[in-house]
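Asker: Just so we're aligned, residue 1 is where the sequence shown starts under the UniProt record's numbering, counting upward by one.
Below is the structure I would like to discuss, written out as structure tokens.
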Amino acid sequence: MTHLPTSAASSADATCEWLTVPDLVTLTGLGVGRIHRLCEERYLLGTRRDGVVVVPSLFLRDGEPMTEIRGTAILLADSGFSDDEAVEWLLSHEESLGTSPVLALRAGRKAEVRRVAQALT
């Protein structure tokens, strides 16, 4: 696992735990091709850091992709967000939610997060 600094706007203290594809293979028990397919289909949302695809560990629950990520990622993409921008938004503090969108999703606030995401257009 890799610890990389996030932006100053991030709700993470100073670092975020990022999982590489090999980390995800170990954690999920899935093959490399399946991990890439999950990213392509937005079941997982990753970004490139120093040329390496990484996924925030907060996007997984119990060793599986959070089901709430895909719909939110698709909504953000439909609003013109790149994957990098979507990852940044999900990890950054959102004033109207009082926390980061990913933490709100983990707390069961999917509808609220998606309403806020829709308003970003």
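Here a beta-carbon is modelled for each residue, glycine too, at the ideal position from N, C-alpha and C.
Just so you know, these numbers come straight off a predicted model, no measurement behind them.
For glutamate 41, count the other beta carbons within 10 Å of its own beta carbon; 16 or more makes it buried, fewer makes it exposed. Which is it?
Answerer: Counting from one through the sequence shown, the residue named residue 41 turns up at place 41. Result: exposed.
Asker: Apart from the five residues just before and just after threonine 26, which ones in its own chain have a Cβ nearer than 6 Å to its Cβ?
Answerer: Here residue 26 corresponds to residue number 26 of the sequence shown, with the count starting at 1. Cβ within range, chain order: n/a, list empty.
Asker: What distance in whole Å lies between the Cβ atoms of tryptophan 18 and arginine 49, which are believed to be in contact at a cut-off of 8 Å?
Answerer: Working through the sequence shown from its first residue, we reach residue 49 at position 49. Working through the sequence shown from its first residue, we reach residue 18 at position 18. Arginine 49 to tryptophan 18, Cβ: 7 Å. Contact.
Asker: Let's test the definition: count the other Cβ atoms within 10 Å of the Cβ of serine 82 and tell me whether it reaches 16, buried, or not, exposed.
Answerer: Here residue 82 is taken as the residue at index 82 of the sequence shown, counted from 1. Exposed, by the Cβ-count rule.
Asker: So, at 8 Å on beta carbons, what are the nonlocal neighbours of arginine 61 in its own chain, with the 5 sequence-adjacent residues on each side left out?
Answerer: Residue 61 sits at position 61 when you count from the first residue of the sequence shown. Hits under 8 Å: Arg106.
Asker: Go through the segment 60-84 residue by residue and report every complete run of the alpha helix (DSSP H) that reaches 4 residues or more, in order.
Answerer: Taking only runs of at least 4 residues, the alpha helix (DSSP H) segments lying wholly in the segment 60-84 are 67-78.
Asker: Look at the alpha carbon of valine 21 and the alpha carbon of leucine 30, and state the distance between them as a whole number of angstroms.
Answerer: By one-based count along the sequence shown, residue 21 stands at place 21. By one-based count along the sequence shown, residue 30 stands at place 30. Those two C-alpha atoms are separated by around 10 Å.
Asker: On the DSSP bridge list, what partners appear for cysteine 39?
Answerer: What you label residue 39 is simply residue 39 of the sequence shown in a count that begins at 1. Paired residue(s): none; cysteine 39 is not in a bridge.
Asker: Taking just the CA atoms, how far does cysteine 39 sit from proline 56?
Answerer: Sequence index remark: in the sequence shown, residue 56 carries index 56 (1-based). Sequence index remark: in the sequence shown, residue 39 carries index 39 (1-based). Cα to Cα, proline 56 sits roughly 12 Å from cysteine 39.
Asker: Does threonine 121 pass the burial test, meaning 16 or more other C-beta atoms within 10 Å, or should it be called exposed?
Answerer: Start at 1 with the first residue of the sequence shown, and residue 121 comes out as number 121. By the neighbour-count rule (16 or more Cβ atoms within 10 Å), threonine 121 is not buried but exposed.
Asker: Distance check for arginine 34 and leucine 103, CA to CA, integer angstroms please.
Answerer: Here residue 103 is taken as the residue at index 103 of the sequence shown, counted from 1. Here residue 34 is taken as the residue at index 34 of the sequence shown, counted from 1. Going by the C-alpha atoms only, they are around 26 Å apart.
Asker: Quick one: using the 10 Å Cβ neighbour count with 16 as the cut-off for buried, is glycine 63 buried or exposed?
Answerer: To locate residue 63, count along the sequence shown from 1; it is residue 63. Burial call: exposed.
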